[in-house]
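In this note's numbering, the protein residues as written are 1 to 630.
We put the beta carbon where it would ideally sit given N, CA and C, even for glycine.
Report on one structure; see the data block that follows.
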């Protein structure tokens, strides 16, 4: 490590220590202001966190939110996160091959790096990636308890560049002791073992989830006909959480996450001769943790937390390491919320340090953000107003804001609710983008002008019609990004700044109906017009996409059939992609009180399709499993 890196590390430690001191000073007074007779509030089932970062009933938010429960995740049975997200309204996933292959999650047509993914409150983005993207392909479904998907510009609470947020909660323990052992085998040499154990008392609770997945895979590249081979994937994942209740009002907790992934891929180069090889490997490792302390009363909540994430990647060609990089992210944050009359104040501070090491040289950036939001009852619904101020080391100070509202229109014959939101944001060029354009591989036009920040704005307005058992929602959205940064795919000169606004506008449709005892139908569709400033189609944003699912439960049987489709999509060259419909089916049967057998078929109709040009997807796959409750 260089002397400059050592200095930067010492400065980082000093900053974190200093910030911790004055944030704790903000944290403690909330206890003094609180009523001494207050007690922690109890939350009802349909409570979400992602929309306002504090517990809020889903029915009371003016933002577009989708949720997946533990039961949903378990019944659908998918091995990783990507297909679960691909079923959600306004979300499309493109992946260049099978399990473990690079995936991009786009919410309402925006780039995958604008999607913020939080795992138990930890931002898992990779600062060493070109545009600080989350490595969603490395996330298994095992050990996940809840997923909340927040669509639209969400920079107010989650960083000014957040174009959508996915908040994931891992196994949350209850009183007592329980556990689970799951075994699954399937096509392409697939095997998975996952173990979960959780429990405790009112004073101390903990959980541990461990999963091991291995598959031989299939030939990922459609143009690899000379030496076709299998591109396998291996993943070991660990999630652990602990919570201690110190008093009626105080709680402390911690979570630890570890992911080890090894992915086989094609089209790398010999380190000596530069000949094209297919014996390529990507070793991925992420270690992340978060610790927090919370004071909670009847009307006051205050929480301080520290999170750290480190990612290591090494690329191999024929077993010889050819490239390695490390990404680091540390965040110190404070959040306070106070209920006053018909309103609620939320205040927050987040201090973010991002860095990456590439070729022995470390690059680092800090960002300090302060935000506030006020939500109050107005008319028959509510109104939320918020503002955020960021101070970026490299690009100075920026202010962004968000307004949202929820207003019931009718509650008699057909319950109808209006929801609307509008907000702004900005994104500073990533350290990787800047470093690449300053490096030896960049050329004109990328080197002609220094990169500057992107500015974004977006709005949505929608109607929800119906009650709890039968409802429909329509949402019209419009999102624009000025001066968007993209890699120059035409000349490979580097990262270039588009002049003008990139747009993504469209209409989301959602519907759900309880057809009878144990039978539920859900469907969604999204029409999306996504264009660059020149009016050309943006790649891998289908004009029309959606999904439908039918879930059935009776006695000891459970089943789900899902269908997802994509129409009118184009690749990076603007060439049309094939339309497709993919059908999956899962079946669960409780053999005894503690033993359950599972059967799954993916791509039941054996469709041949691509999400990324020249990259295969799997044909029909089968999986058999057993699950034992300990």
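What are the partner residues of residue i, as DSSP defines its beta bridges?
| i | result |
| --- | --- |
| residue 426 | 455 |
| residue 371 | 348, 388 |
| residue 625 | 184, 598 |
| residue 54 | Answer by DSSP bridge pairing: none, since residue 54 is not bridged. |
| residue 529 | 505 |
| residue 277 | 268 |
| residue 69 | Beta-bridge pairing links residue 69 to no other residue. |
| residue 284 | 261, 313 |
| residue 363 | 356 |
| residue 565 | 546, 581 |
| residue 404 | 384, 421 |
Would you tell me roughly how many angstroms separate the C-alpha atoms of residue i and residue j, rounded to the nearest one?
| i | j | result |
| --- | --- | --- |
| residue 141 | residue 448 | 45 angstroms |
| residue 607 | residue 523 | 21 angstroms |
| residue 316 | residue 285 | 14 angstroms |
| residue 559 | residue 588 | 6 angstroms |
| residue 235 | residue 618 | 19 angstroms |
| residue 328 | residue 356 | 6 angstroms |
| residue 631 | residue 543 | Residue 631 lies beyond the residue range present for the chain, which begins at 1 and ends at 630; the question has no answer from this structure. |
| residue 173 | residue 206 | 6 angstroms |
| residue 401 | residue 334 | 19 angstroms |
| residue 200 | residue 176 | 5 angstroms |
| residue 242 | residue 179 | 16 angstroms |
| residue 272 | residue 434 | 29 angstroms |
| residue 487 | residue 220 | 24 angstroms |
| residue 614 | residue 112 | 20 angstroms |
| residue 577 | residue 336 | 48 angstroms |
| residue 147 | residue 446 | 39 angstroms |
| residue 88 | residue 546 | 8 angstroms |
| residue 296 | residue 56 | 15 angstroms |
| residue 249 | residue 594 | 37 angstroms |
| residue 565 | residue 391 | 42 angstroms |
| residue 143 | residue 281 | 26 angstroms |
| residue 574 | residue 530 | 12 angstroms |
| residue 161 | residue 455 | 9 angstroms |
On the criterion of 16 or more Cβ atoms from any shown chain inside 10 Å, does residue i qualify as buried, or is it exposed?
| i | result |
| --- | --- |
| residue 412 | exposed |
| residue 516 | exposed |
| residue 120 | buried |
| residue 624 | exposed |
| residue 18 | Here residue 18 scores only 37 on pLDDT, less than 50, and its place in the model should not be relied on; the value that follows carries that caveat. So residue 18 ends up on the exposed side. |
| residue 311 | buried |
| residue 616 | buried |
| residue 592 | exposed |
| residue 39 | Confidence is the limiting factor: at residue 39 the pLDDT is only 34, short of 50, which leaves the residue's position unreliable and the question unanswerable from this model. |
| residue 191 | exposed |
| residue 203 | exposed |
| residue 117 | buried |
| residue 602 | buried |
| residue 441 | exposed |
| residue 484 | buried |
| residue 536 | exposed |
| residue 292 | buried |
| residue 492 | exposed |
| residue 107 | buried |
| residue 554 | exposed |
| residue 228 | exposed |
| residue 620 | exposed |
Using a C-beta cutoff of 8 angstroms, does residue i count as contacting chain C?
| i | result |
| --- | --- |
| residue 559 | Annotation note: the requested chain C is absent from the structure, which comprises a single protein chain. |
Problem - Touch test, the region 147-158 against the region 47-67, Cβ-Cβ under 8 angstroms, three pairs minimum - result: yes
Practice task
Would you list, in sequence order, the uninterrupted beta strand (DSSP E) runs of no fewer than 3 residues that lie entirely inside the region 455-527?
Solution key: 470-482, 485-487, 495-497, 501-516
Practice task
For the region 524-532 and the region 497-514, state whether three or more C-beta atom pairs, one from each stretch, are separated by less than 8 angstroms.
Solution key: yes
Exercise for the section: Please go through the region 120-181 and give each complete alpha helix (DSSP H) segment of 4 or more residues, from N-terminal end onward. Expected result: 155-158
Exercise for the section: Report yes or no: do three or more beta-carbon pairs, one from the region 95-103 and one from the region 75-82, lie closer than 8 angstroms? Expected result: yes
Practice task
Report the residue ranges of all beta strand (DSSP E) runs contained in full by the region 219-253; include only those spanning at least 3 residues, in chain order.
Solution key: 231-245
Exercise for the section: Could you tell me whether the region 160-172 touches the region 207-217, using the rule of 3 or more Cβ pairs below 8 angstroms? Expected result: yes
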